[in-house]
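Residues in the sequence shown are numbered from 45 upward in steps of one, following my numbering. Backbone N, C-alpha and C define an ideal beta-carbon position, used for all residues, glycine too. As the structure is a computational prediction, the values presented were derived from the model and not from experiment. Step one of this worksheet: look at the structure below.
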Amino acid sequence: MTRGIVVLLSIFCLVTVPAVAYQGLSVSTPFPSIHISEPEMITFDLEVRNYDLSPQRVNLEVVRIPEGWEYSFVGGGGIVDAVFAEVDDSADVQLWVEPPQDLTEGSYDIVIRARGSEASYQLPLTIRSGGNLPQRLAMDAELPSVRGTPDSDFTYEVEVRNNSTREVLVNLDAQTPRGFQAVFKERYGNKELSTVPIEAGENKKVKVEVSPPQGVSEGVYEVRVIARSDAAEASTLLNMDIKGQPELELYGPNGRLSGSAVAGREQAFTLTVENTGSASARNLKLSSSSPRNWSVEFETESIDELPAGESREVKAMVTPSSEAVAGDYNVTFRVRSDLGSISEKFRITVRTSTLWGIVAVLIIAAAAVVLVMAVRRFGRR
Numbered sequence: 045m046t047r048g049i050v051v052l053l054s055i056f057c058l059v060t061v062p063a064v065a066y067q068g069l070s071v072s073t074p075f076p077s078i079h080i081s082e083p084e085m086i087t088f089d090l091e092v093r094n095y096d097l098s099p100q101r102v103n104l105e106v107v108r109i110p111e112g113w114e115y116s117f118v119g120g121g122g123i124v125d126a127v128f129a130e131v132d133d134s135a136d137v138q139l140w141v142e143p144p145q146d147l148t149e150g151s152y153d154i155v156i157r158a159r160g161s162e163a164s165y166q167l168p169l170t171i172r173s174g175g176n177l178p179q180r181l182a183m184d185a186e187l188p189s190v191r192g193t194p195d196s197d198f199t200y201e202v203e204v205r206n207n208s209t210r211e212v213l214v215n216l217d218a219q220t221p222r223g224f225q226a227v228f229k230e231r232y233g234n235k236e237l238s239t240v241p242i243e244a245g246e247n248k249k250v251k252v253e254v255s256p257p258q259g260v261s262e263g264v265y266e267v268r269v270i271a272r273s274d275a276a277e278a279s280t281l282l283n284m285d286i287k288g289q290p291e292l293e294l295y296g297p298n299g300r301l302s303g304s305a306v307a308g309r310e311q312a313f314t315l316t317v318e319n320t321g322s323a324s325a326r327n328l329k330l331s332s333s334s335p336r337n338w339s340v341e342f343e344t345e346s347i348d349e350l351p352a353g354e355s356r357e358v359k360a361m362v363t364p365s366s367e368a369v370a371g372d373y374n375v376t377f378r379v380r381s382d383l384g385s386i387s388e389k390f391r392i393t394v395r396t397s398t399l400w401g402i403v404a405v406l407i408i409a410a411a412a413v414v415l416v417m418a419v420r421r422f423g424r425r
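Pasting the structure below:
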């Protein structure tokens, strides 16, 4: 029973006696052990904290450092040797360490000490030298999808990041659909680029301009942009949403814009409407403008749809005025669609009717006969 009482008292003491809080100084840094690939300035961000001590000055010193290494404590924009720590508060300071240029591969230890009027604290640091971290590149586009027409130049802005420990020379390349052209340019300017140097941990933004080929069909096209170094690669996809446009042309047989007709007689003209664009033309309407007292009628006055790359023949029945004199006249033919209209002037050469010529000849001949007979009859007297 005595043993049980002792155990219960022990448990009671563990539960009821509060833990003793730490009292003193501390020095901490987020990364007390780091790796470097070449001799360069190293910066440690230090926090000196006062745990439940009176406000006091805390002196800073390095008690161990490899031979030939330089160091400085920096705070407030200048070199410092001490900080002031309030009760339960901290002060921030940096330790700058510069290894010698002939640094060899290995592990190097540094020990710093914070010493106040009531306590002190030591923090060991380790620097490992030699070798490189693997090269890593990353690439992103600010707006990876752009919409435009077949005549547009599609412009993108891409960012290339060097997630490695040394500067790299990055080669820029693009994989485009057949016939498309891609060039890289400075973010601000028109200088074309094929390579860009990027410092360790930095990024570089460049423009990518993509030009579609002539006659490209509407649709969504992909371009893969690639960044390559000697040991790493990154890429991103760019999308071009090309919305086609109809382009209409109007012409006569063999491309001619001329013909002939007889005054007062109907003459058929074969017109060709062709869509040379990259999208269908819809709701086409045909109309005309002609000289006074002329008549123009179309065998088909409308075309519901004309796909890209196709053509349609339409007959126009033209009747010049019966009073038209021989000569050249202009008739304008028009084609209107949902997205605009086109027009072409046709030169029509009008001839007078052969029948009227024959009648005129007969009249002249009759007049001549009458004249001859009159001369014979009255000439004898």
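Comparing alpha-carbon positions, which option in the options lies nearest residue i?
i	options	result
S279	R157, D184, L167	D184
Y95	D132, K229, L187, W113	D132
G122	V106, E111, W140	W140
S72	E142, A135, E211, R180	A135
V107	I154, R93, S161, Q145	I154
L281	S339, E266, K249, P83	E266
L97	G119, A129, F75, F88	A129
D89	P74, F342, S70	P74
V227	R268, R326, A244	R268
E443	R395, E142, I156, V252	Any answer about residue 443 is impossible in this case: the structure gives the chain only from 45 up to 425.
E111	D146, V240, G120, L104	D146
A182	G245, P221, V124	G245
Please say whether residue j and residue i have beta carbons closer to each other than 9 Å?
i	j	result
S322	E262	yes
P364	N319	no
E357	S324	no
N206	R272	no
L301	E388	yes
E449	K249	With the chain covering only 45 through 425, there is no way to say anything about residue 449.
A312	I270	no
R180	S151	no
E84	P143	yes
For residue i and residue j, what's the separation of their Cα atoms in angstroms?
i	j	result
S332	A305	17 Å
Y232	Q138	37 Å
S77	A65	28 Å
T170	G160	24 Å
F390	K229	48 Å
E105	F117	8 Å
Please work out which residues of its chain come closer than 6 Å, Cβ to Cβ, to residue i, disregarding the five sequence neighbours upstream and downstream, and give them in chain order.
i	result
S255	D197, Q225
Q67	Y95, D96
Below 8 Å CB to CB, which residues in the same chain sit around residue i once its five sequence neighbours on both sides are set aside?
i	result
K287	R191, G192, T193, E262, A323
Assign residue i to buried or exposed, taking buried as 16 or more other Cβ atoms, counted over all protein chains shown, within 10 Å of its Cβ.
i	result
I392	buried
S189	exposed
M284	buried
T87	exposed
P290	buried
V369	exposed
L58	Reliability of the predicted coordinates at L58 is poor, the pLDDT of 48 falling under 50, and the value obtained from them is presented with this limitation in mind. It is exposed - the Cβ of L58 has fewer than 16 other Cβ atoms within 10 Å.
A410	exposed
Quick one: what's got a C-beta closer than 7 Å to residue i's C-beta in the same chain, skipping five residues either side?
i	result
S385	R378, V379
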